[in-house]
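Numbering (the working numbering), first residue to last: 28 to 381.
Backbone N, C-alpha and C define an ideal beta-carbon position, used for all residues, glycine too.
Accompanying notes for the structure given below.
As structure tokens, this is what we get:
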């Protein structure tokens, strides 16, 4: 391929990818624009429905205090945000138990009827789940773990745990009532559609359904946060590492369980990781000896063997008959290689150094 052809192919390649990026950018901008338009239209529908509801109730929208704009941008008008007046009846019902949370704990027959949900424990809308035995074993004694209702031995921790249980049980009761409310709202919406009611009534019904959906999501987030908070109370007293605590605390919430089966898998994985880390730490702390991996030369082994089998007493030639007796010398070998000549068999002679 010539240099001109190579330059032409490279230019075509760059141009193609440049056009492709422009196409993707244009499609992304169109999708984002469509999503923003849908969101704005949905927002306008909800705003209009709320304004209609306030008008039918004889309540006007709260006036919006506008700040003076700059003298250079007087012509630009900003959309006024929607602010809804507080409902006096709603606030009264909301604040009835604020002075004493233990008041009105005995629900009325109508409240119990609305909260009578089938299989509520399966969906996490019953009582606060019990602590898992595998987690309680890190904090409590074995006798306490085997109890049906596991409780904290420390009074302050027990109070905190009981308050979290009460908060979760209240949220679960609210969730059961919300389940009945959703059925009522959906049935009302279908009745309006079947009766051929006007568009305004349909918009009010749709906005009410959206309000129920948003409130339900926030309730679910509240119950999930309460579950994680109770997890943290138990994990804070355990001897687990901070990484393991964070992993257990952030596990997905399983309906009807505080930690769920994933907790045991996480703990087993943590034990394996700690064992592997400890093994590597031991290998790093104690360096291997060279003699463990290198075989000594055969000559060195033979030399040590001969030195070990060498007699410690060296006798001179035996004296002949008629000759003067020679001394019998003993050489005592020291570890440092120094030899000292002694004469233990001749008491008249004195020891001297070799």
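My guess is that residue 154 and residue 196 are in contact by the Cβ rule of under 8 angstroms, so how many angstroms apart are they, rounded?
-> Counted from its first residue, the chain shown places residue 154 at position 127. Counted from its first residue, the chain shown places residue 196 at position 169. Right, the Cβ-Cβ distance comes to about 6 angstroms (below 8 angstroms), so this counts as a contact.
Excluding the five sequence neighbours on either side, which residues of its own chain have a C-beta within less than 8 angstroms of the C-beta of residue 265, listed in chain order?
-> If you number the chain shown from 1, residue 265 lands on position 238. The answer, listed in chain order, is 162, 165, 166, 272.
Status (buried if at least 16 other CB within 10 Å, exposed otherwise) for residue 401 = Summary: the structure shown does not reach residue 401, with the chain confined to residues 28 through 381, and so no result is reported for it.
Residues of its chain near residue 297, where Cβ-Cβ distance is below 6 angstroms and the 5 sequence neighbours each way are ignored | Locating residue 297 in the chain shown gives position 270, counting from the first residue. Result list for residue 297: 271, in chain order.
Residue closest to residue 109, alpha-carbon to alpha-carbon, out of 159, 116, 81 | Residue numbering aside, residue 109 sits at position 82 when the chain shown is read from its first letter. Nearest of 159, 116, 81 to residue 109, Cα basis: 81.
For the stretch 114-161, which segments carrying the alpha helix (DSSP H) assignment without a break, of at least 4 residues, lie completely within its bounds, in sequence order?
-> 115-121, 136-141
From 248, 174, 237, residue whose alpha carbon lies closest to that of residue 157 | For this step, residue 157 is matched to residue 130 along the chain shown. Closest by alpha carbon: 174.
Kindly indicate which residue of 183, 207, 292 has the alpha-carbon position closest to the one of residue 147.
-> Numbered from 1 along the chain shown, position 120 holds the residue referred to as residue 147. The shortest C-alpha separation from residue 147 is found at 207.
Own chain partners of residue 6 with C-beta closer than 8 angstroms, once the 5 adjacent residues on each side are dropped | As shown, the chain starts at 28 and ends at 381. That puts residue 6 outside it, with no answer to give.
If you drop the 5 nearest sequence neighbours on each side, which residues of the same chain put their C-beta closer than 7 angstroms to that of residue 276?
-> Residue numbering aside, residue 276 sits at position 249 when the chain shown is read from its first letter. For residue 276, where only same-chain residues beyond five positions count, the Cβ hits under 7 angstroms are 255, 258, 259, 262.
Can you tell me whether DSSP reads residue 297 as helix, strand or coil?
-> For this step, residue 297 is matched to residue 270 along the chain shown. It is helical.
Between the Cα of residue 268 and those of 301, 250, 228, 139, spot the shortest distance and give me the residue it belongs to.
-> In the chain shown, residue 268 corresponds to position 241, counting from 1. Selected option, being the one with the closest Cα: 301.
Apart from the five residues just before and just after residue 318, which ones in its own chain have a Cβ nearer than 8 angstroms to its Cβ?
-> The count along the chain shown starts at 1 and reaches residue 318 at position 291. Bear in mind that a pLDDT of 44 at residue 318, under 50, signals an unreliable position, so the number given afterwards is only what the model happens to contain. Nothing listed; no residue qualifies.
Using DSSP with H/G/I as helix, E/B as strand and the rest coil, what is residue 196?
-> In the chain shown, residue 196 corresponds to position 169, counting from 1. Residue state, collapsed to three classes: helix.
Taking 7 angstroms as the line, does the beta carbon of residue 76 fall inside it for any heavy atom of the ligand FAD?
-> In terms of ligand content, the structure shown is empty, and the ligand FAD therefore cannot be addressed.
CB contact flag (residue 219, residue 79, <8 angstroms) | Start at 1 with the first residue of the chain shown, and residue 219 comes out as number 192. Start at 1 with the first residue of the chain shown, and residue 79 comes out as number 52. Result no, Cβ atoms of residue 219 and residue 79 do not sit closer than 8 angstroms.
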